[in-house]
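Reviewing the structure listed below.
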Amino acid sequence: GLSVVQRCNPDAVLLTHENTMKRIGKGNWSTGYTAVTGGESICIGDQELQVVFAPGHTDGHMGLLHVNTNALIVGDHCVGHGSAILDNRAGGNMKDYFQTTYKFLEMSPHVLIPMHGRINLWPKHMLCGYLKNRKAREASILQSIENGAQTLFDIVSKTYCDVDRKLWIPASFNVRLHVDHLNSQHKLPKDFSTEKFESSCGTHFIFWWGVAYAQARSSPALIIAASALAAGGLAIAYALRRKNGNQP
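Sequential numbering of the sequence shown, starting at 1, is according to full-length UniProt numbering.
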């Protein structure tokens with residue numbers, strides 16, 4: 001990671017968005033950096049890279065356009081296989097993700113270079129596929145809510161019922177952001193409680209996911225372990241809540 005780069009090249013200067021820099025600990029980067037916001041040019045010899053602000057995956061996500069070849073380095077916005085997971089802990093935002101995808105389409109790159117997986121030689125096909133997939137997932141999430149789903153687990157288990165359950169945890173990150181996106185558009189049913197939904201995104205989800213995963217693997221031992229883990233988590237959460245409630 002960055003700590004290796006810094007150790008091998010102490011004079012290196014980090015180019016990053018301010019939002020990202022706030023999350024980089026001093027143990028990973030303790031020397032100089034230059035904040036970029038998009039539109040800056042980086043010239044290395046006769047090669048030019050243009051910085052592209054590309055929020056969505058995080059609130060400080062950046063892309064790079066290799067001007068000489070019109071190749072677009074998309075970072076974590078796209079992956080070589082499957083769909084991208086947005087980081088809801090680092091400012092991931094579904095509206096931003098859609099807008100960045102449209103921005104990439106308007107740029108008409110010749111090649112997409114993701115940080116994970118192979119280079120993609122059909123950028124328009126890939127980006128349109130991403131938009132189609134995200135819109136379909138959002139529609140499915142809304143339908144599950146309209147049919148009575150109230151918790152994160154309810155929504156994930158219905159929306160991703162055809163997906164391996166070991167992938168439900170990363171899928172839940174996107175579901176949370178889709179619900180936020182639907183809420184910002186005032187599309188959620190009036191009887192849907194966002195407070196109840198948010199309260200179900202921690203131990204409640206992990207417990208029921210553990211049970212579902214164990215059932216899929218037909219493992220009683222896993223079911224018992226998941227139940228014990230969740231019970232312990234609930235006990236800790238309850239104790240902390242009581243402690244905080246008793247503080248003046």
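Where is the CB? At the ideal position from N, CA and C, for every residue including glycine. Computed from a prediction, not measured in an experiment: that's the story for all the values here.
- Cβ-Cβ separation between residue 123 and residue 109: approximately 5 Å, consistent with a contact (criterion under 8 Å).
- Only exposed fits residue 119, as fewer than 16 other CB atoms lie within 10 angstroms of its CB.
- The criterion of a C-beta distance shorter than 7 Å is satisfied by residue 88 and residue 176.
- Here DSSP, grouped into helix, strand and coil, assigns residue 126 to helix.
- Classified as buried, residue 138 has 16 or more neighbouring CB atoms from the shown chains inside 10 Å of its CB.
- Unbroken alpha helix (DSSP H) runs of no fewer than 4 residues, entirely contained in the segment 68-145, are found at 94-107, following chain order.
- Check the Cα spacing between residue 117 and each of 200, 74, 94, 153: the tightest is with 74.
- A straight-line Cα-Cα distance of about 11 Å links residue 12 and residue 4.
- As summarised for the segment 191-220, the continuous alpha helix (DSSP H) elements at least 4 residues long and confined to that stretch are 194-199, 203-216, given in chain order.
- About 26 Å separates the Cβ atoms of residue 161 and residue 126, ruling out a contact at the 8 Å cut-off.
- One alpha carbon belongs to residue 76, the other to residue 100, and they sit about 12 Å apart.
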